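Participant:
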Amino acid sequence: MALSTENLPQQIREFKTALKLQAPDYKARFADVTNAMETEIERIQRAELNGSAIPQFAYSDIAGTGFNDEQKQQVLKAGCCIIRGTLPEAEVTSHNEKLSRYIVENGYYEHTPTVEDNYFSQLNSDKPQIFGLYWSPAQIWARQHPNMATTRRHLNHLWTWKDGDQTFFNPDLEASYADRVRRREPGDATLGLSPHVDSGSIERWIEPHYREVYHDVFQGDWHNYRAFHGANRIDVEEFPSPAVCSVFRTFQGWVALTPQGKGDGTLQMVPSTLAMPYMLLRAIQDDVPEDDLCGAAPGRALTVSAQWHPLLLEGLVSIPKMQPGDTVWWHPDTIHAVEDKHNGDGFSNVLFIGAAPDCEKNRQFLVKQRQAFLAGESCPDFAPEHHERTYSGRATEADLSPLGRQQMGFD
Numbered sequence: 068m069a070l071s072t073e074n075l076p077q078q079i080r081e082f083k084t085a086l087k088l089q090a091p092d093y094k095a096r097f098a099d100v101t102n103a104m105e106t107e108i109e110r111i112q113r114a115e116l117n118g119s120a121i122p123q124f125a126y127s128d129i130a131g132t133g134f135n136d137e138q139k140q141q142v143l144k145a146g147c148c149i150i151r152g153t154l155p156e157a158e159v160t161s162h163n164e165k166l167s168r169y170i171v172e173n174g175y176y177e178h179t180p181t182v183e184d185n186y187f188s189q190l191n192s193d194k195p196q197i198f199g200l201y202w203s204p205a206q207i208w209a210r211q212h213p214n215m216a217t218t219r220r221h222l223n224h225l226w227t228w229k230d231g232d233q234t235f236f237n238p239d240l241e242a243s244y245a246d247r248v249r250r251r252e253p254g255d256a257t258l259g260l261s262p263h264v265d266s267g268s269i270e271r272w273i274e275p276h277y278r279e280v281y282h283d284v285f286q287g288d289w290h291n292y293r294a295f296h297g298a299n300r301i302d303v304e305e306f307p308s309p310a311v312c313s314v315f316r317t318f319q320g321w322v323a324l325t326p327q328g329k330g331d332g333t334l335q336m337v338p339s340t341l342a343m344p345y346m347l348l349r350a351i352q353d354d355v356p357e358d359d360l361c362g363a364a365p366g367r368a369l370t371v372s373a374q375w376h377p378l379l380l381e382g383l384v385s386i387p388k389m390q391p392g393d394t395v396w397w398h399p400d401t402i403h404a405v406e407d408k409h410n411g412d413g414f415s416n417v418l419f420i421g422a423a424p425d426c427e428k429n430r431q432f433l434v435k436q437r438q439a440f441l442a443g444e445s446c447p448d449f450a451p452e453h454h455e456r457t458y459s460g461r462a463t464e465a466d467l468s469p470l471g472r473q474q475m476g477f478d
């Protein structure tokens, strides 16, 4: 069936009725997943006492041959990782300073917003103040940097990217996806985001391809579910909304432009790939209203709440201290949040850069994105603010390296 917002409560009721007939053990299934998730929470909490539950690797250790088997298993279990020294620290610091001048000298702070999105409207904290910039020289430099390409290639290879005669995506070529900038001042309390998951909310239950992604969770043996299998992922459909990503990403991510860590108003995650099976099965239990999926709403982030998911909140941890050039990556099913307040004494800045490997879905998006790039307009996935149409110093096609041209689909 085609994805439709028409009579969503009835669609949800029909889905739940059909699923409970197909999987009459749904209560026992959820109890089993809950036990496994409780064990995961204990693992996370123990790891935090000894440092961090988020796997960390040095770029120099993975650059040549990628992740070894032990490292791979760490990422497959946690659904996230940090890669230290991905980009050269001194160059990152220089680009951060240039980005600040780009923002100030082009009058970004004097701009009066005329459009806005409601993607985060269900989350507890205020709407995030993210800079709607996509084409600054700093962003272009980071996206097309050879180290970033190497990192994303190794991350893509953590996935099952082909199965038999079917190839889901090309892990060795990236489609450059233009995302935004975070610049958070000390003392800022306006940017926090409560725990959530991107890349679909209600769709994860009712969209046909998503149901295939989670077939083992709902109807097969949930122990066989593999979060990093590419089958059906590039075919999923989502309700359109500003800030809903319309490309396939193996990992969401960002690169630190400044030092930052716990307490600096930065990223938090639940480092476990079991969290999504838990959320999916939680929503079909009998104590949840028949026309509800634990508060999921179309065109919004999928929220993790104290009402429905208190267990998952026990596993929410802040990332460890990051330095300029360090990157953090998380699977699109990974629960993440942003600390409510920046209690540090310096700016907490990042460039959002994920991993979006070459595939038909991403190639189609690049056609629209190239037009936006050439015109200095906002990335088509985001609110059409178009700040950079007249910005001095905006990156142009001449600033693209051969790799950058390939990633943008020019060549």
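The opening residue of the sequence shown carries number 68 in the working numbering; numbering runs sequentially from there.
Every residue gets a Cβ at the ideal spot worked out from N, C-alpha and C, and that includes glycine.
From a predicted model like this one, the values you see are computed outputs, not experimental measurements.
Identify which residue in S459, N410, G366 and A462 has its Cα closest to the Cα of L75.
Facilitator: G366
Participant: Considering only the alpha carbon of each residue, which of T340, K435 and G471 lies closest to M104?
Facilitator: T340
Participant: For a quick check, are the C-beta atoms of N479 and F315 less than 7 angstroms apart?
Facilitator: Missing from the structure shown is residue 479; the chain here goes from 68 to 478 and no further.
Participant: Please confirm whether E109 and Q474 have their CB atoms less than 7 angstroms apart.
Facilitator: Taking 7 angstroms as the Cβ cut-off, E109 and Q474 do not qualify as a contacting pair.
Participant: Using a Cβ-Cβ cut-off of 6 angstroms (strictly less than) and excluding sequence neighbours within five positions of T217, which residues of its own chain qualify?
Facilitator: Excluding sequence positions up to five before and after T217, its CB lies within less than 6 angstroms of the CB of A130, all in the same chain and listed in chain order.
Participant: Would you report the Cα separation of T317 and P424, rounded to the nearest angstrom?
Facilitator: 7 angstroms
Participant: Determine the extent of the alpha helix (DSSP H) in which S161 is found, giving its start and end residues.
Facilitator: S161 -> alpha helix (DSSP H) spans E156 to E172.
Participant: In this structure, does DSSP put F477 in helix, strand or coil?
Facilitator: coil
Participant: How close, in whole Å, do the beta carbons of F236 and G297 come, if the pair is a contact with beta carbons under 8 angstroms?
Facilitator: With a Cβ gap of about 6 angstroms, F236 and G297 count as contacting.
Participant: When the Cα atoms are used, what is the spatial distance from D99 to Q211?
Facilitator: 44 angstroms
Participant: Does the beta-carbon of T84 have 16 or more other beta-carbons within 10 angstroms, so that it is buried, or is it exposed?
Facilitator: exposed
Participant: If you run the structure through DSSP and keep just helix, strand and coil, what is D283?
Facilitator: helix
Participant: In chain order, which alpha helix (DSSP H) runs of at least 4 residues are fully inside the stretch 398-467?
Facilitator: Segments of the alpha helix (DSSP H) lying fully in the stretch 398-467: 427-442.
Participant: Under the rule that 16 or more other beta-carbon atoms within 10 Å means buried, what is G146, buried or exposed?
Facilitator: buried
Participant: Candidates A364, Y277, Q374 and A342: which alpha carbon is nearest V355's?
Facilitator: Q374
Participant: Any Cβ of chain C within less than 7 angstroms of the Cβ of F236?
Facilitator: Although the question refers to chain C, the structure presented lacks it and comprises just one protein chain.
Participant: Between the stretch 381-400 and the stretch 131-138, do three or more beta carbon pairs fall short of 8 angstroms?
Facilitator: no
Participant: I want to know whether the stretch 262-279 touches the stretch 342-358 - three or more CB-CB distances under 8 angstroms.
Facilitator: Counting C-beta pairs closer than 8 angstroms gives three or more between the stretch 262-279 and the stretch 342-358, which meets the contact rule.
Participant: What do you get for E464, buried or exposed, if any count of 16 or more other CB atoms within 10 angstroms of its CB means buried?
Facilitator: exposed
Participant: May I ask which residues mark the beginning and end of the beta strand (DSSP E) holding D239?
Facilitator: N237 to E241
Participant: Between the alpha carbons of D466 and R437, how many angstroms are there, rounded?
Facilitator: Taking the straight line joining both Cα atoms gives about 14 angstroms.
Participant: Grab the span of the beta strand (DSSP E) containing P262 for me, first residue to last.
Facilitator: Taken as a continuous stretch (DSSP letters only), the beta strand (DSSP E) holding P262 covers L260 to V264.
Participant: Considering only residues of the stretch 315-350, which uninterrupted alpha helix (DSSP H) runs meet the minimum length of 4 residues and lie entirely inside it, listed in chain order?
Facilitator: 342-349
Participant: To the nearest angstrom, report how far apart Y511 and S243 are at their CA atoms.
Facilitator: No statement about residue 511 is possible, as the shown extent of the chain runs from 68 to 478 and does not include it.
Participant: I'd like to confirm the pairing. Which residues does DSSP put opposite S313 in its beta bridges?
Facilitator: For S313, which the question treats as bridged, DSSP gives no partner whatsoever.
Participant: D230 bridges to which residues according to DSSP?
Facilitator: Q233
Participant: Residues in its own chain within less than 6 angstroms of N185 by CB, not counting five upstream and five downstream?
Facilitator: Caution applies to N185, whose pLDDT of 49 falls short of 50 and renders its modelled position unreliable; the value that the coordinates give is listed next. Once the five neighbours on either side are set aside, N185 has no close Cβ partner at all.
Participant: Which of helix, strand or coil does DSSP assign to F82?
Facilitator: helix
Participant: Are the Cβ atoms of D239 and R219 separated by less than 7 angstroms?
Facilitator: No; because the gap between Cβ atoms is not below 7 angstroms, this pair is not in contact.
Participant: Using DSSP's beta-bridge definition, name the partner residues of W208.
Facilitator: According to DSSP, W208 bridges with nothing at all.
Participant: To the nearest angstrom, report how far apart A114 and P122 are at their CA atoms.
Facilitator: The alpha-carbon atoms of A114 and P122 are separated by roughly 10 angstroms.
Participant: Using CA coordinates, which residue listed in S119, T72 and Y93 is at the minimum distance from K386?
Facilitator: The amino acid occupying residue 386 in the given sequence is Ile; Lys does not appear at that position. Considering only alpha carbons, the answer is S119.
Participant: Among F440, S127, L348 and S459, which one has its Cα closest to the Cα of P451?
Facilitator: F440
Participant: On the three-pair Cβ rule with 8 angstroms, is the stretch 408-427 touching the stretch 322-335?
Facilitator: yes
Participant: Which residue comes first and which comes last in the beta strand (DSSP E) that contains R249?
Facilitator: V248 to R251
Participant: Could you tell me how far apart the beta carbons of Y126 and I111 are, in whole angstroms, since I believe they sit closer than 8 angstroms?
Facilitator: At roughly 25 angstroms, the Cβ-Cβ gap does not stay under 8 angstroms, so Y126 and I111 are not in contact.
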